[in-house]
Every structure is written in structure tokens, then in C-alpha cells.
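See below for the structure under consideration.
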Amino acid sequence: MNTEPLPKQYDRAVAEKKWRDIWKKEKTFQFKNNDNTPLYIVDTPPPYVSADHLHAGHIMSYAQAEFIVRYKRMCGFNVFYPMGFDDNGLPTERFVEKKYKIDKSKITRSDFIKICLKETEIGAQTYKNLWDSLGISVDWTKTYSTIGPLATKISQWSLLDLYKKGALYRSEAPVLWCPSCKTAIAQADLEDVEDDSKINHIVCSSGSEQLTIATSRPELLPACVALYVNPNDKRYKHFIGKKAVVPLFDYEVPILSSEKVDIEFGTGLMMVCTWGDKEDLEKWQTDKLATRALIREDGRLNELGGKYQGLKIEEARAKIISDLQKNGFLIKQEDISHTLNVHERCGVPVEFILSKQWFIKIADFKDKWLEYGKKLNWYPKTRQQDYDLWVNSIKWDWCISRQRYYGVPFPVWYCKNCSEPIFASEEMLPVNPMEDKPPVSSCLKCGHKEIVPENDVMDTWATSSVTPLIIRELIADEKTKIKLFPATLRPNAFEIIRTWDFYTIVKSHYHFNNLPFRDVMISGHGLDEHGRKISKRLGNYIPSEKLLEEYGADAIRYWATGATLGQNLRFNIQEIKKGKKTTIKLWNVARLILMSLEDFKLTKVSEDLEFADCWIVQELNQSLKNVSMAFDNYSYAKAKDEIDQLFWSKFTDYYLEFIKYRLAASDNKSKKAARYTLTKIFLAILKMYAPIMPFITEELYNLIYKNSDGEKSIHLSDWPTEITIKKDKDISDFSQAITAIDEIRKYKSEKGMSLGFELEEYKLNTPIDKDKYGDFIKNATKVKILM
RNA sequence: GGGCGCAUAGCUCAGUUGGUCAGAGCGCACGGUUCACAUCCGUGAGGUCAAAGGUUCAAGUCCUUUUGCGCCCACCA
């Protein structure tokens, strides 16, 4: 045991840098293949590298999973903690387009991909630097990129396997389409947005009579294929089966009936188009309506739009309204507020467009998905509802093809003649059909020789949904690899339950009939101090580098520990300061300990413990139990509270004050027992704080305990166990002694005396066993005579 | 419109199965400390636990209703 005195101040910046370097050099957190140790596998969310403004929220979300990782490592698990970077897909493309002001029609596909790759490298490095500063104990020799060859290979294999199993199909159908990103998207990519709009009342004629339709989307008039009325609506009953003329466009559409038309809504007359919304789609399918597809892939009107052809949706709307008005068709406008489905990546309202896409079957197996959801361990339990709610609201199969550039290519070619898909063989993966040769020279179905590649790329989630498979491929050893699936823990924020978690479950089901992970730990978001979302636009955040520089990793991690599972956490500078104070306090306790140790040697003897010693041991044992239980349930916030209480209130405020007189005494049994207890308890406290504040605890462990505890890193040392003591001392009434000490402290405080002031005599009101605790109380409070 | 969550001291939040739960930290006031403490310690003030009703011997803690906030879903004619 080291007993060199410590410098007066803890140099946080130096210590954190030192330990980062040592951990790196010593490969402290590197995964070791080991047959005997139980595994703990973390399937960490690969961050989108397209974030150039890292803040407390980013720190929080990754620190939270890391508390658990460090705890599990100390508990003896062989922790597998790789890190990925999600660098493919739409988010990255949009980021690059925006940053470099790129018009994708004026750049080649390969040039664009080059810029994306370059940008993702920068982004990955930014994240890596942050995680490194934070002390995220990832095994940096085990990383992957979702655009890299490994992820590409696994994602492509996944599709081949799904196709074999009949879960993947290609079909031409109306799909959700983002006119801004110019690609098909999936239902999970939708977001709701409140929108103020107008309902336009438009007259049209049916024979000699006039009808009024109400629509918020008059630009879809040239796509109108039918009008619907409720069969019970007396006003319109006689129109059923007749025809109406579409104003401005002068063509006839049938008037049909449907119970689903709300008599009260609008004018009670519904205009059905190709395809304005889900209702249109449904009517089109069930009633086999004509098709008048109007919206082009770029969100402009096609030739059906007549003189409005080529206009953007909003432009066409304005122009058509104005023309309706001019011609006397528009009789009224009403303000309405409704929710629009927009694409979550760009906020642009989505359209339905007829298109040929690849789909994974999900809509018909809701029961299956719900069953898996039930089998998962959700932390917190209540977040399972988010999952269930999503599954129940699924309407369509998962569209996984994207008409974009920067993503994993489909391992598919087509026969130019009969469109038969030709899949790559497994040995060919990873494959890029746009560059690589197809596995056959002619179509197996029709014998045609012209084979063309698939140009689409996969939905970014098509790759993310196989991360549990990707991470196990990072290990070469076959025997170990097989044990790395399913993962133990999937930590992620609640908004990607319906995407990342759900899709991963779907894939895992099709591939292995198994859950992809055992536990899901759901975190919330970091908010600003007022509870608002942190955003670049609002500028309501301190950049992460600045935070780290000013307060240090331990202090910020301390704040992040405060989040309740599944709940958002407000930024709170006071908590960060409290964290910093905790590191300083730990440092000072270490100084006190080392000052009083001199040539003391830690022994295993514990028979001479006194009442106060037994008391703090008992408190420690109780806290230890609570802390372990909290960590086991992923309740790091509760764990932190518990350790704080033990350390600040019980250990420093009471115990250290209780034993100062014994430490100052000349060498004797009592001093030895105090030193023994002091060092034992402090070691346990350091270890309990270690998952939360890895730097200060590592520093002090190495300064004091390295030789006696026997590990080169506290993070590789064992989680503390209960301290056993001989049961010859009954301390069940020790709280009375504490009450008595409180009473004397209060007396001194009220009299304006210092707590160290020596009182000649004091008349105690608290009833205590004077024979038992009298001497202790007198010594601990500096009272000569206790009455 | 449907579902879920939240509402506890000035601020940020803890409060397992109903009975020392009315708490912590920060902030504030007063005092003391500088031989562990870029401080720290002690003491203190502050809340009818959103509102109303109910169940119970007993309710922040269970039930009903109301209000406010947040999230998700639906309606988009």
C-alpha cells in the first residue's frame, strides 16, 4: 500500500489524459476470448456520423450504457463492447448535400459517394474523439462502419436469406414517396406535423345540378377519379351512380357511395384521387377505381396536370385555386389545422407514387412481433408500450429500397427482357451490381442475355437491423463468435424503438427464429436547462469539447447518471459542478487517508473494530447491496444516489469525524482498527463510483490500492463484496449515539462555537447507553464531561 | 378524437408492494472552520405532495373525474 502524501490539488486534466493514454496503451478494455467467463455483449447504437454539433445530449446517451458496461466488467463478465458508425443512408446524404450545397442532378454518383465517404470519416473521428475524452470503454479494435465491406456483406446476405425464406418480395404498388429526397420511404420514416391549411369549397356539375366538394388539396383535381357520398345522406342519395364533371379539367368521374363517408365532414361529399391519402388508396383498391397518377417523382405535376404540368405541388395548388376563383368554381375557403405525414429526415409532406420497390413482409405478422416484444426484457418496462403501439399501427410491409446513392447496394440484377431478379451468390458478397458481373450470363427464366444491375440502395435500417450479426463477425475465433449472438444488451433512445429495435427483431426472427438481444435499455434525450430539445438551430447548448474541457469527463458523466430510465434529462450545470466537487472530495479523503497511514500495512485482521467501525461497515454493506441491485436493473441514477449518500453523508460527514481522534492518537489497537476500516471502506466506495467516474477512481486506486488490491486498473478489479466482521458488537442502538452527536453539534452551532471547540461539560437530552457510547461521544465531539 | 407519461419545497428531481415519506441536491439565511477539502462543516427557513371526489383504521402512494404540460397514434375528403 502506497503511503506517499498526495499533492494538495487534483489535476483533473492531467489525470484524465494520462489514464486515457494508459488504457489505450495497455489495451485495458480490449475483448479477450475466454471460454470460462460469462459474456456480456452490448449492441451499441452506431451514431450517425452526420452530426457536427455534439453536445451534452450525445454525451448522456452514450455514457448511460457505459455505466453498465463498466459495472458488468467489474462484476466479472467478459464484456464485448464494440462500436459502429452509421455512415450510410439518407441522413448522411442529406447532411453532405446541405454542407456542400450539392445538387445531385449535377454530380456523378461516384463523385457524390466519394464526398460522403470523406465526410463520414471526419464525422467518425469527431465522435471517436468525444467518446475517448469521455472515457467510453469501447474496444476500439472492434469497430465497424455501416457502409463498410463487412456491414455490406451481412446486409446483403440478410436479403438473400430473406428471399429464400419468402419474406422479401418486389412489387409495383403505390408507395410512400418523399418528393424532396426523391425516394420511396417506409412507414416508420414518417413523422406527424401540425399544419395550417385551407379547405376549399369547389362546385362541380352533375347533369343540370351542382355539387360542392371540399378539399384541402385542389391541386389533385386532375387526379380525381371518383366522388363519394354516404348512402344515407338524403342530400346526395339521388346522385349515386351518376357522373360529375371535374372543374377546370372537364372530364367526368363516377359518383359512388360508401358508408365510410362522414356526412358531417366538409360538404359530405368526398373527392377521391390517385392518391392523395390512405383513404384514396383504400377506395382505389377495394372499388377498382381508375388510375390517374398525377405526381411525378420530383414532386411536380405530370402531363395529366394540363396547363399546370411541371409545377410543384404548392405552386399548382396556388395557381389552381386562383383559376377556380376566376372561373367562379371556388365558393368558400375555410381555415383548418390538421396533421400531415412528413418525411422525418426532411420534413416534407409525403405523396403516394406508383413504383416498383423491394419489401420485407411485416404487416401480416403483428402477432409474431408482439410476442417477441413480450419476451424481451424492457428497461423500463413501460417502454414496451411504445413498441406494441407501433406494431399495432403498421399498415404496410417494410419498403427497403431507396432511390439514393450512398447506401448498401442490393445484391441483385434483372433480366432486361422479363425483369426476373438475379441474385448474387453468397460467395460473391459483398457485391456491387453496378460494378461487378452478375453470377450468370443469361436469364435463367427466359434465356435473355441482357442483364442490368439494380441501382437502388437499401434503407439505412436494413443495415442497422443486422448489427447483432455484424458485431459478432468482428471476432475471428469461430468458437467465440457463435456465442456472441444474441447480444445481451441493446441500449437506445425511445424514438428508435419502432425502427432499430423493431427491424432488428424482424430480421432476427426470419434468420434465426430468435430474439436478437435479451435486454433493452431505453434512454431519453438530453434537454436544455429549460426542458427544450437541444438543437443547433436554437443554439441552446454548450459544445461537448468545451464542457469536457471546463468540467472534465467525470463531472459530466456524474450529471448524465442522473437520468431516470426512459426519461429525458435536463441539462443542469449544478449537477456537473456537484460531480466535480465529488472528485475533489474523493481526492481529499485520499489525502487524509495517506496522511494518517504512514507505515501502516493493510492486514486482514478485523477483530478489534469499534462501534463506529462496525457501524460504517454495516452501512457500507447495505449500500453495496442497494447499489448492485440498482445497477443490475440498469437504474444507474438510483445507484448514484445511494453511493452519494454513503460517501457524503455517512462516510465523510460522520465516520471520518468519528475517527479523527483515533487517527491522531499514538499507535494502538484503536488506531489500527480505524485505519483498517477507513481504507477498506474507501476502496469499496472508489469501486462503486468507478463505473460513473472512471478517471478519479482509477487515479486514486492506483495511488493507494494498486499493490494491495492487485489489479493494474480499478476497472479490471472485482466489484466489492460485503465486509464481514466478527459479530461480537451489538450496534443496533448506534443511531442513538449519532442522535446524541447531532444534538451536541446543534448546541455548538447555536452558540456560535466551532465544532472543534472543547466543551467542559454537556448535559445530554438524548437517552443513550453511557457506559457503551459515552467515551466515543466525548471524543468525537470534544466534550470533557458528558452528563 | 384515441393511447401513454408527467404534475412533490424558489430550481432540478427521489419517493419499491398504501402505515417515521413529507425527502435530497442546488439555491437562500445564520454561524463555524483554514493542519483532508480551489473549500468544507453545522444549523435553519420553505411544500395543505396540480384540483375535486372516492376506497381504507391509514393515501404523493390505489380508484374516478378535472386542469396543465410532454410524447406517440388517428383523422388528413
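Just so we're aligned: the first sequence equals residues -15 to 771 in this note's numbering.
A virtual CB, placed ideally from N, CA and C, is assigned to each residue, including glycine.
Every value quoted in this text rests on a predicted model; they were computed, and no experiment measured them.
Go ahead and pull the three-state DSSP assignment for residue i.
{"i": "Met44", "result": "helix"}
{"i": "Leu278", "result": "coil"}
{"i": "Phe336", "result": "strand"}
{"i": "Leu174", "result": "strand"}
{"i": "Phe15", "result": "coil"}
{"i": "Leu101", "result": "helix"}
{"i": "Asp71", "result": "coil"}
{"i": "Ile239", "result": "strand"}
{"i": "Trp397", "result": "strand"}
{"i": "Thr28", "result": "coil"}
{"i": "Gln317", "result": "strand"}
{"i": "Pro527", "result": "coil"}
{"i": "Ser719", "result": "helix"}
{"i": "His327", "result": "strand"}
{"i": "Asn497", "result": "coil"}
{"i": "Lys713", "result": "coil"}
{"i": "Val256", "result": "strand"}
{"i": "Arg219", "result": "coil"}
{"i": "Met790", "result": "Here the chain comprises residues numbered -15 to 771, so residue 790 is not present and cannot be evaluated."}
{"i": "Asn617", "result": "coil"}
{"i": "Ile560", "result": "helix"}
{"i": "Pro405", "result": "strand"}
{"i": "Arg301", "result": "helix"}
Tell me the DSSP bridge mates of residue i?
{"i": "Lys296", "result": "Arg284"}
{"i": "Gln194", "result": "Ser189"}
{"i": "Asp179", "result": "His322"}
{"i": "Phe343", "result": "Tyr153 and Cys383"}
{"i": "Asn476", "result": "Ile506"}
{"i": "Val601", "result": "Beta-bridge pairing links Val601 to no other residue."}
{"i": "Pro437", "result": "Trp397"}
{"i": "Ile577", "result": "Partner(s): none; Ile577 has no beta bridge."}
{"i": "Trp161", "result": "Ala168 and Glu335"}
{"i": "Ala210", "result": "Val256"}
Look at the Cβ atom of residue i, then the Cβ atom of residue j, and state whether they are nearer than 8 Å.
{"i": "Ile247", "j": "Asn286", "result": "no"}
{"i": "Thr444", "j": "Leu160", "result": "no"}
{"i": "Ile725", "j": "Thr661", "result": "no"}
{"i": "Glu533", "j": "Ala(-1)", "result": "no"}
{"i": "Ile384", "j": "Val490", "result": "no"}
{"i": "Phe313", "j": "Pro231", "result": "yes"}
{"i": "Leu114", "j": "Leu38", "result": "yes"}
{"i": "Glu695", "j": "Leu608", "result": "no"}
{"i": "Ile847", "j": "Gln317", "result": "The first residue shown for the chain is -15 and the last is 771, placing residue 847 beyond what the model contains."}
{"i": "Ile560", "j": "Tyr542", "result": "yes"}
{"i": "Leu604", "j": "Ile540", "result": "no"}
{"i": "Ile680", "j": "Asp461", "result": "no"}
{"i": "Ile600", "j": "Tyr639", "result": "yes"}
{"i": "Thr447", "j": "Asn216", "result": "no"}
{"i": "Pro206", "j": "Gly290", "result": "yes"}
{"i": "Ser321", "j": "Glu178", "result": "yes"}
{"i": "Ile459", "j": "Leu468", "result": "yes"}
{"i": "Lys624", "j": "Gly546", "result": "yes"}
{"i": "Ala727", "j": "Lys768", "result": "Here the sequence assigns Glu to residue 727, which means Ala is not the residue at that position. No, Cβ-Cβ distance for Glu727 and Lys768 is not below 8 Å."}
Report the CB separation of residue i from residue j in whole angstroms; it is logged as a contact under 8 Å.
{"i": "Thr472", "j": "Tyr24", "result": "5 Å"}
{"i": "Tyr371", "j": "Ile481", "result": "5 Å"}
{"i": "Gly60", "j": "Thr21", "result": "7 Å"}
{"i": "Thr488", "j": "Pro470", "result": "Not a contact, Cβ separation roughly 10 Å."}
{"i": "Pro395", "j": "Leu144", "result": "7 Å"}
{"i": "Tyr292", "j": "Ile304", "result": "6 Å"}
{"i": "Gly508", "j": "Ala544", "result": "Not quite, the Cβ-Cβ distance comes to about 11 Å (not below 8 Å), so this is no contact."}
{"i": "Ile455", "j": "Pro66", "result": "5 Å"}
{"i": "Leu700", "j": "Ala657", "result": "Not quite, the Cβ-Cβ distance comes to about 30 Å (not below 8 Å), so this is no contact."}
{"i": "Leu360", "j": "Val504", "result": "6 Å"}
*Counting pairs of Cβ atoms below 8 Å between the region 383 to 395 and the region 434 to 441, do you hit three or more?*
yes
*Report yes or no: do the region 28 to 48 and the region 404 to 423 share at least 3 C-beta pairs separated by less than 8 Å?*
no
_Three or more C-beta pairs under 8 Å: does that hold for the region 334 to 344 against the region 151 to 160?_
yes
*Indicate whether the contact test is met: 3 or more Cβ pairs, each with one atom in the region 222 to 229 and one in the region 237 to 245, closer than 8 Å.*
yes
*asked:* For the structure I just gave you, are there three or more beta carbon pairs, one from the region 38 to 56 and one from the region 114 to 131, closer than 8 Å?
replied: yes
_Three Cβ pairs or more, each shorter than 8 Å: is that satisfied between the region 552 to 566 and the region 496 to 515?_
yes
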